[in-house]
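Chains as they are written, first to last, in the numbering used here: chain A, 46 to 160; chain B, 733 to 922.
Cβ atoms here follow ideal geometry from the backbone N, Cα and C, with glycine treated the same way.
It should be emphasised that the depicted structure is a prediction, and the values quoted were computed from it without experimental measurement.
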């Protein structure tokens, strides 16, 4: 299943709904391009909704980390929403769960961004 | 127990971007076959080798084959996912870092199944590398690095991970064994 990404705006936060697999190749590239595009437009509050992301490999993890640091380096914030068990476990194993700000509820996540 | 090894050379062009090099089977006690009609042959004590192109398609294909091989060995769904991921990471290592997507280089992928053990061997034709030189991805100073987690993931999901430097390339051996109770259950059903 290929990766898809769509964006929507809520209270100044860009929610990126991702679905499919974030893996080496297309999936990683779509995530990278989406975040790059948002930063290019000055949208620096980004919430990645991973609820429909079924799988992430080491390349996908690297891309999430890269997105996180890129946004942070530009003074923005990137948070993760709705992790599946598989993705949650993977972030725990790689000790990245506590690096990312992970949320279970969209409204709570939106409210958690700096005003 | 001594096994007699017989090998059959075979080429299946319909397999995406790979050819089956050899199917080897050993005479000995056979286990109940669980494979579907169209799945690759992989009964007890068998070895299948594929020669894969250095492409992303090969990585995806290897991951699928690993999942099937793990299912046939008798692993549960969660363990199968881990095995498939380990094989995917091994193939990424071979295709991306070893062969560097060189169309002139191939990856040899072997699945060996024997008595509740699945062994996967991935050999590239690259310049080789020293796995001990790969930084620990869990060290605080490496947590935010973009790469370097593949070997760690292989080690996380497999019981054994071995690296061997070849004359030309690197060979990674991944081994996963059924737990004793799973093996007992399997033996009882044969």
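- Around the beta carbon of residue 143 of chain A, fewer than 16 other beta carbons sit within 10 angstroms, so the residue counts as exposed.
- Residues of the stretch 137–150 of chain A that bring their beta carbon within less than 8 Å of a beta carbon in chain B comprise 138, 139, 140, 141 and 144, in sequence order.
- By the Cβ rule, the stretch 865–878 of chain B counts as touching the stretch 125–143 of chain A, because three or more pairs are nearer than 8 Å.
- Residue environment: residue 828 of chain B is assigned as buried (16 or more neighbouring CB atoms within 10 Å of its CB, all protein chains considered).
- Interface flag for residue 857 of chain B against chain A is unset, since no Cβ pair is found closer than 9 Å.
- Under the three-state reduction of DSSP output, residue 98 of chain A falls in the strand class.
- The secondary-structure analysis by DSSP pairs residue 143 of chain A with nothing; it has no beta-bridge partner.
- Here DSSP, grouped into helix, strand and coil, assigns residue 896 of chain B to strand.
- Distance check between residue 852 of chain B and each of B/909, B/881 and B/870 places B/909 closest, using alpha-carbon atoms only.
- Look at the stretch 775–801 of chain B: the residues with a C-beta under 7 Å from a C-beta of chain A are 788 and 791.
- Rounded to the nearest whole angstrom, the CA to CA distance from residue 830 of chain B to residue 57 of chain A is 44 Å.
- Think of a sphere of 8 Å around the beta carbon of residue 69 of chain A: the chain B residues whose beta carbon falls inside it are 788, 791, 824 and 828, in chain order.
- Distance between residue 841 of chain B and residue 786 of chain B, taken at the CA atoms: about 12 Å.
- With 16 or more other CB atoms across the displayed protein chains lying within 10 angstroms of its CB, residue 825 of chain B is buried.
- Excluding residues up to 5 positions away in sequence, 48, 65, 66 and 105 lie with their Cβ nearer than 7 Å to the Cβ of residue 72 of chain A in the same chain.
- Residues of the stretch 106–118 of chain A that bring their beta carbon within less than 9 Å of a beta carbon in chain B comprise 106, 107, 108, 110, 111, 113 and 114, in sequence order.
- For residue 102 of chain A, the closest Cβ of chain B is nearer than 9 Å.
- In the three-state reduction of the DSSP assignment, residue 64 of chain A falls in the strand class.
- The residues 127, in chain order, have a CB closer than 6 Å to that of residue 96 of chain A in the same chain once the five nearest residues on each side in sequence are set aside.
- Non-local C-beta neighbours of residue 900 of chain B in its own chain, meaning closer than 6 Å and more than five positions away in sequence, comprise 857, ordered along the chain.
- Between residue 154 of chain A and residue 803 of chain B, the alpha-carbon positions lie close to 39 Å from each other.
- Looking at the DSSP output, residue 807 of chain B bridges to nothing.
- The Cβ atoms of residue 134 of chain A and residue 94 of chain A lie no closer than 9 Å to each other.
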